[in-house]
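Heads up: the sequence shown begins at 21 in our numbering, then just goes up one per residue.
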Amino acid sequence: MKPVSENHSAPEQAPPWTGPVATSERVLPLDLPGFLTRERHQIHLVGVAGSGMSGIAALLIELGHTVSGSDKVSTMETDRLQRRGLRFHEQHRPEDADRADLVVFSSAIKRDNPILVSARNFRKPMVRRAEALAAIMRSKRGIVIAGMHGKTTTSAMTAHVLREGGLHPSHYVGAEIPILGTNAHWDPRGEYFVAEGDESDGTVALFQPEHTLILNIEEEHLDFYADLGAIENVFAQLITQTTGKVFYNIDDKNAPRVCQSVARAVSYGFANGADYRAMDIRLKVFASAFRVNHRGKDLGEAILNVPGEHNVHNALGVIALGSELGVPFEKIAKSLAKFVHARRRFEIKYDSPRFLLVDDYGHHPTEIRATLKTARSVGRKRVLTMFQPHRYSRTNVLRKEFGRAFDHADRVVVTDVYGSSEAPIPGVSGQIIADEIVAHGHRAVSYEPRLEWVHRTVGNMLESGDLVLSLGAGNIHEQLSALAADLVIAEKLKEIVGEEGEVRLYEPLWKHTTLRVGGPAQFWVEPRNEKAFAKLIRFCRDENLPLFAMGRGSNLLVRDGGIRGVVVHPSGGDFNKVEVNGAEITAGVGAKLREVAYAGKAAGIGGLEWMEGIPGAVGGGLRMNAGAMGAQTFENVVRVRYLDSNGNAHTKTRDEMEVYYRDFPLLEKNFAVSAAFRGQPARLEEIVRKLEASQEKRRTSQPAAKSAGCIFKNPDSCPAGKLVDELGLKNASVGKARVSEVHGNFIVNDGGATAAEMLELIERIRATARAKRGIELETEVQIVGEPG
Ligand code: EPU
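Below you can see the structure in the form of structure tokens.
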């Protein structure tokens, strides 16, 4: 077991913390509450961007102090505070705090921070965030909301209910609460001060409130506490220091043991015997309703517009507290019904009939279980979860509990740990959580260490009817936001292609290329007819979205970062039709070139047999003017129908089009829809003989392994395959990319090759050809997409 701070148990006199600056090293103002609430000073906050510190900054500004602050990052919060008068510095420079009479510092700040070092040297008064908060609270009638889970929601609910009850409370909560306006507020009119107490570093024991509300007590923050006993000691001390009532959740595993012997204790919960008891509880998708009974007397009905059973408990605590403070039940119930969620607490980011995206701050197994239960009860088909473990210490200590927390999720993608201010612990990563979930018997769990790819992994799993949940206290919500932004576009694309068409997010393109390499397409779209294709082109034009057409991917090398924008794959429906009219064969761009050859055979049309040797579709054959057996596509093409960049259809005949070796420039900015091919009447045996010759040539001179066909165009002087062969590069390889031993102009994928490996091998071949033969090889294969 790792060493734990010696101050984990509640001490007699000294406050239960050490932190970066020991008490003995610091000078403290004699009367801190007076200094902070009755006098006016210059105060500097080190680490002011933190969610707790920004609340203190807001209070100090409202209390009339001149406030400056420093942090290594600026946030929306620091921007907002600057507008209210904070002097903000985006670095920690001692000179910026020189004039301060007091320095307040966050527990995330290291002891060698230059401002702290300088303040220590000059014996400037310094206090921790929680000390400042406790001192501010001491000048009012304090109400502390404490517990492992639900503090922010419950303290916000309390402040809201007391405010609606006309008590003008001041408040301090751990996150921005839309209904309260700000995360902290000083109201000189009211007597009460509601604060969320932070138990994570023991500082909750600094408070000397009038009332305390204990939501739950559980093993958490085991980087700081030795065990549950140590945690309970801190809560016990807080209770001892509470002069008024102690409200506690009677249904919690541990809270009753710590609280029930206190004379002024008031219990709440579902259990028989609770002073304030919820009855007839009806949990709905995004709301709950219940009746409240006070020691046998029915108080009335409460409706709560935040979901989940855990929030019924939280609300009951607030009802108990509000009632004991004299707010009439009707008023409490009315304001609870108006209460809307704190940010990142089951926050709906996107809602459509097909998809629901929800973000939640849950980062402890108990919270995760509760949130997943709520997500499940919403009634969508599946629950997909992206989870970012928070802090190495918690990940390590609670790994088993995490393994059991995801039973209600259909799919789980775990990313790496968000360290917060912690240094990594060797061997502790998101992988251990994924492994524990698997060990617990879950079958659909994966680990995606690259956070920026998580939304892609989850997005590619999406099916209509899914609820996607992001979980974690770090920055995983950004991945959900990225997914939501793309989903808005994906849903519009789906409308364009209709029921019969297909839209997928982040479709891996290696699945759609013969070379089997390549990252994802941001939007993969399969229209089934020309009208949908035309609409799609117009949509992309209007939305400024890049549009790339892809057929069977037989001549493509997609880079590992995939393709941004829309990748259109015209296939199925009209696009796969092959029709014979006399000596002409009309084929949609989605049909295989090979099918044109076989349609010719069936209709007695010869001259198309060479197409048998091309693995691609008609669209790709046209774009590249593909060829084999000495023939090329445009020798047989009589007409091409295409859509221009405005989605308008045109038809051009062969003599109206410019065509080159392996290049048909018209399709650089336009999109082919279909083409008519012409052959000559031929005898069946003749056609069969030529088809067999093509097959034979393919079988004997080309590799069967996964490839993109010929990589290089044939230079004038010598076929590229022969050149590579003569340069002795057959079987040359980079990773799993290798020059085929069968044909020098083929690079094959030996299984799991990356585009980067392919490109490196291509460059090596080109460099050798240049150096040894003075030949500049040009790639025939199309190279597209973003680096990985
Ligand atoms: N050769 C060698 N060593 C090799 C490969 C080829 O000495 O490793 C010699 C062959 O013996 C032959 C000459 O090089 O004398 C040309 O080779 P091949 O007949 O295989 O034709 P190619 O020019 O390499 C072209 C097309 C292929 C098409 C074949 C078959 C190009 C760039 N390639 O290959 O098309 O399948 O003809 O007709 O025009 C493609 O476009 O992706 C493709 C594979």
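Where is the CB? At the ideal position from N, CA and C, for every residue including glycine.
Non-local C-beta neighbours of G772 in its own chain, meaning closer than 7 angstroms and more than five positions away in sequence, comprise K756, ordered along the chain. Annotation for P723 indicates a beta carbon at 7 angstroms or more from all heavy atoms of the ligand EPU. Rounded to whole angstroms, the separation of the alpha carbons of A152 and D132 is 21 angstroms. When the five nearest sequence neighbours on each side are left out, the beta carbons in the same chain lying within less than 8 angstroms of the beta carbon of Y680 are those of N645, in order along the chain. With a beta-carbon spacing of about 6 angstroms, G582 and E806 fall inside the 8 angstroms limit used to define contacts. In this structure D221 is buried. Its beta-carbon is surrounded by 16 or more other beta-carbon atoms within 10 angstroms. In the DSSP secondary-structure assignment, S466 is bridged to V433. Under the 10 Å beta carbon count, I251 is surrounded by 16 or more other beta carbons and is classified as buried. By the neighbour-count criterion, in which a residue is buried when 16 or more other Cβ atoms sit within 10 angstroms of its Cβ, L324 is buried. Minimum Cα-Cα distance from V708 among the listed residues K621, P385, Q261 corresponds to K621. When DSSP reads this structure, S308 sits in a beta bridge with L303, L324. By the neighbour-count criterion, in which 16 or more other beta carbons inside 10 Å mark a residue as buried, S88 falls on the buried side.
With the rule of 3 Cβ pairs closer than 8 angstroms, the segment 532-544 counts as touching the segment 578-592. Runs of the alpha helix (DSSP H) spanning 4 or more residues and lying entirely within the segment 377-417 occur at 385-397, 412-417, in chain order. For I251, the enclosing alpha helix (DSSP H) starts and ends at 248-260.
H361 sits in coil when the DSSP states are folded into three classes, being neither helix nor strand.
In this structure, the ligand EPU has no non-hydrogen atom nearer than 7 angstroms to the beta-carbon of G641.
In the DSSP assignment, Q499 falls within the unbroken alpha helix (DSSP H) covering 497-517. S760 has its alpha-carbon roughly 10 angstroms from the corresponding atom of V744. Of the heavy atoms belonging to the ligand EPU, at least one sits nearer than 7 angstroms to the Cβ of G764. Under the three-state reduction of DSSP, T95 is assigned to coil, being neither helix nor strand.
For L743, the enclosing alpha helix (DSSP H) stretches over residues 740-746.
Relative to R149, the option among G217, S138, I76 whose CA is nearest is I76. The alpha-carbon of N751 is positioned some 6 angstroms away from that of R758. Residue state for M146 is assigned as strand, using DSSP reduced to three classes.
Here H475 carries a helix assignment [DSSP, helix/strand/coil]. E800 has its Cβ nearer than 7 angstroms to a heavy atom of the ligand EPU.
Spanning the alpha carbons of R643 and T720 requires a straight line of approximately 27 angstroms.
Between R161 and E211, the C-beta gap is smaller than 8 angstroms, which places the two residues in contact.
If you check the CB distance, S355 and E184 come in under 8 angstroms.
A154 sits close to F227, with the two beta carbons spaced by under 8 angstroms.
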